[in-house]
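Note sheet for the following structure.
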Amino acid sequence: MSSKNYHKYVIEDGKFIGKFEEMYQEISDPWACLSNKNSLGNDILLLLMKHLKHKNKKKNSIFDVGCGLGGLTKRIKTLFPEAKIYACDVSSSAILKAKKRKGIEFFVYDILNQSRSELFLKDNSLDLIVMSQVIFYLLPRLSNILELFYKLLTDGGGVIIQQAFFCSDVQKYGNKIFEKTTDLKKYLSQAGFEICSHVDFNPSNELHRPQNCIVAALKDAPVSNG
Numbered sequence: 362m363s364s365k366n367y368h369k370y371v372i373e374d375g376k377f378i379g380k381f382e383e384m385y386q387e388i389s390d391p392w393a394c395l396s397n398k399n400s401l402g403n404d405i406l407l408l409l410m411k412h413l414k415h416k417n418k419k420k421n422s423i424f425d426v427g428c429g430l431g432g433l434t435k436r437i438k439t440l441f442p443e444a445k446i447y448a449c450d451v452s453s454s455a456i457l458k459a460k461k462r463k464g465i466e467f468f469v470y471d472i473l474n475q476s477r478s479e480l481f482l483k484d485n486s487l488d489l490i491v492m493s494q495v496i497f498y499l500l501p502r503l504s505n506i507l508e509l510f511y512k513l514l515t516d517g518g519g520v521i522i523q524q525a526f527f528c529s530d531v532q533k534y535g536n537k538i539f540e541k542t543t544d545l546k547k548y549l550s551q552a553g554f555e556i557c558s559h560v561d562f563n564p565s566n567e568l569h570r571p572q573n574c575i576v577a578a579l580k581d582a583p584v585s586n587g
């Protein structure tokens with residue numbers, strides 16, 4: 362089935378559906394995540410990861426939340442070959458396919474609905490958390506999830522989030538909460554993060570996707586000397 366038909370499993374007619382397991386069973390590459398793993402957005406995200414490395418020399422442990430089939434996760438592993446990479450997704454079918462990518466600890470975890478006690482990662486254990494195109498699926502508990510990220514990160518650790526904002530004629534769900542980059546930055550700031558970088562861009566001049574943003578933020582950001 363074409364990746365263009367994923368909407369009925371995820372968000373449709375202004376409602377969140379959330380049938381991710383069924384989607385990954387029936388669609389080989391939802392959102393074209395694998396075929397677009399070398400997208401402009403992912404390129405920028407990886408550049409911001411390198412930028413954060415200069416602020417926090419440690420990049421020993423990285424967590425990719427909502428990794429899907431692991432296309433971006435694999436690129437992260439290539440960029441940081443010595444790092445311990447963790448990656449989770451709500452879909453067991455997605456994780457089963459992602460595990461073909463060696464050197465990464467993929468596991469099933471529903472960050473929206475499962476409890477903190479069911480996540481084996483310890484507080485203050487991660488140097489970087491990455492999340493790409495997942496925000497709209499976490500809206501009911503987004504503030505709590507960002508607060509969890511803050512607790513999981515070491516001092517000086519960072520979070521990088523990539524997210525597209527759709528026009529209301531394409532996606533109505535969540536638009537009143539998230540319309541632009543400043544909305545995401547506000548949520549991160551409320552969770553205790555200090556915004557250090559952000560990039561806004563339109564990857565293909567598509568009218569239905571007027572803004573794609575990537576925001577990088579730090580926990581207890583070190584004082585800059587210039």
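Residue numbers in the sequence shown follow our numbering, run continuously in steps of one, and reach 587 at the last position. Glycine residues also receive a C-beta, built at the ideal position from the N, C-alpha and C atoms. Just so you know, these numbers come straight off a predicted model, no measurement behind them.
* Are the beta-carbon atoms of lysine 438 and leucine 514 separated by less than 8 Å? -> In the sequence shown, residue 438 corresponds to position 77, counting from 1. In the sequence shown, residue 514 corresponds to position 153, counting from 1. The Cβ atoms of lysine 438 and leucine 514 lie no closer than 8 Å to each other.
Is valine 560 near the ligand COA, going by C-beta to nearest heavy atom under 7 Å?
No copy of the ligand COA occurs in the structure displayed, which carries no ligand at all.
Requested in this report: Just the C-alpha distance for lysine 463 and aspartate 471, rounded to the nearest angstrom, thanks.
Outcome: As a first step, residue 463 is located in the sequence shown; it is residue number 102 there, counting from the start. As a first step, residue 471 is located in the sequence shown; it is residue number 110 there, counting from the start. Inter-residue distance for lysine 463 and aspartate 471 is about 22 Å (C-alpha atoms, whole angstroms).
- Determine the extent of the alpha helix (DSSP H) in which leucine 457 is found, giving its start and end residues. As a first step, residue 457 is located in the sequence shown; it is residue number 96 there, counting from the start. According to the DSSP assignment, leucine 457 belongs to the alpha helix (DSSP H) that extends over 453 to 459.
- What's the gap between the Cα of isoleucine 456 and the Cα of glutamate 508? To locate residue 456, count along the sequence shown from 1; it is residue 95. To locate residue 508, count along the sequence shown from 1; it is residue 147. Those two C-alpha atoms are separated by around 25 Å.
Measuring CA to CA, which of Asn366, Asp544, Lys512 and Ile405 is closest to methionine 384?
-> In the sequence shown, residue 384 corresponds to position 23, counting from 1. Selected option, being the one with the closest Cα: Asn366.
Inter-residue Cα distance where the pair is lysine 411 and leucine 489: Reading the sequence shown from its first residue, position 50 is the one you call residue 411. Reading the sequence shown from its first residue, position 128 is the one you call residue 489. Their Cα atoms are separated by approximately 11 Å.
With a threshold of 16 other CB atoms inside 10 Å of the CB of glutamine 551, please say whether the residue is buried or exposed.
Locating residue 551 in the sequence shown gives position 190, where the first residue counts as 1. With fewer than 16 Cβ atoms within 10 Å of its Cβ, glutamine 551 is classed as exposed.
### DSSP beta-bridge partners of asparagine 573
For the purposes of this step, residue 573 is identified with residue 212 of the sequence shown, where counting begins at 1. Ala525 and Phe562.
* So, tyrosine 498 versus leucine 482, is the Cβ gap smaller than 8 Å? -> Here residue 498 refers to the residue found at position 137 when the sequence shown is read from its first residue. Here residue 482 refers to the residue found at position 121 when the sequence shown is read from its first residue. No, they are not a contact pair.
### DSSP three-state assignment for lysine 435, whether helix, strand or coil
Numbered from 1 along the sequence shown, position 74 holds the residue referred to as residue 435. Under the three-state reduction of DSSP output, lysine 435 falls in the helix class.
Original post:
What's the gap between the Cα of histidine 368 and the Cα of lysine 458?
Top reply: On the sequence shown, position 7 is the one that residue 368 refers to. On the sequence shown, position 97 is the one that residue 458 refers to. Each residue's CA atom was taken as its position, placing histidine 368 and lysine 458 some 21 Å apart.
Kindly indicate which residue of Val491, Leu409, Leu408 and Lys546 has the alpha-carbon position closest to the one of valine 520.
Numbered from its first residue, the sequence shown carries residue 520 at position 159. For valine 520, the nearest C-alpha among the options comes from Val491.
- Excluding five sequence neighbours on each side, which residues of the same chain lie with their C-beta closer than 7 Å to the C-beta of lysine 460? Along the sequence shown, one-based indexing puts residue 460 at 99. So the list reads Phe467, once near-sequence residues are dropped.
*Three-state secondary structure (DSSP) at isoleucine 378?*
On the sequence shown, position 17 is the one that residue 378 refers to. Coil at isoleucine 378, not helix or strand.
Rounded separation between leucine 378 and asparagine 485 - CA only:
The sequence position of residue 378 within the sequence shown is 17, counting from 1. The sequence position of residue 485 within the sequence shown is 124, counting from 1. Before going on, a small fix: residue 378 reads as isoleucine here, not leucine. Isoleucine 378 and asparagine 485 have their C-alpha atoms roughly 33 Å apart.
* To which residues of the same chain is asparagine 421 closer than 7 Å at the C-beta, ignoring the five residues directly before and after it? -> Against the sequence shown, residue 421 aligns to sequence position 60. Closer than 7 Å at Cβ, skipping near neighbours: Ala444, Lys445 and Asp488.
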